[in-house]
Amino acid sequence: NACGLACGTAEDRENFTGLLAEFRKQLDAVRPGLLLSIASGAGVDKIRSYDPDKVHPYLDFINVMTYDFHGGWDPITGFHSALYAPANDPSTGDVKKYNTNDAMQAFLDKGVPARKLNVGIGF
């Protein structure tokens, strides 16, 4: 499992895709059938930081970390791992979509097959 760190530049995005492509190629050459996955942030801004539509062909699944949406670093209180956006959420912009439903929909909208998506749940 490769931990999905946010890519900061267009070059990072391309390199991340290339890394996974090469990793898949090498795994298949050594022992076909080994699983390759990444752990991805679930905020829509995190999902936009790389190209799920380009990396998913090299992956068996994507573990979507649908927790830590909010915490002590935020100026206002928010749900740690909301399933849906709260109706009274005062957040704006991308933060308004910090919930499991919007995260999974963002992956589907990028063309990632549902069968490759795992929801990581915080307890």
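So for the sequence shown, the numbering used here puts the first residue at 1313; every next one is plus one.
From the three backbone atoms N, C-alpha and C, an ideal C-beta is built for every residue, glycine too.
Using only CA atoms, which one of the options lies nearest to residue i?
| i | options | result |
| --- | --- | --- |
| N1430 | R1325, D1386, A1341 and F1373 | F1373 |
| G1390 | K1428, V1407, D1357 and D1365 | V1407 |
| T1378 | G1320, C1319 and F1435 | F1435 |
Using a 10 Å radius around the Cβ and a threshold of 16 neighbouring Cβ atoms, would you call residue i buried or exposed?
| i | result |
| --- | --- |
| N1327 | exposed |
Grouping DSSP H, G and I as helix and E and B as strand, with all else coil, what is residue i?
| i | result |
| --- | --- |
| A1351 | strand |
| G1330 | helix |
| L1420 | helix |
Under 7 Å, do residue i and residue j count as touching if we go by C-beta distance?
| i | j | result |
| --- | --- | --- |
| G1432 | N1375 | yes |
| Y1370 | R1336 | yes |
| Y1423 | D1365 | According to the sequence as given, residue 1423 is Gly; it is not Tyr. Yes, they are a contact pair. |
| A1397 | N1411 | yes |
| V1356 | A1418 | yes |
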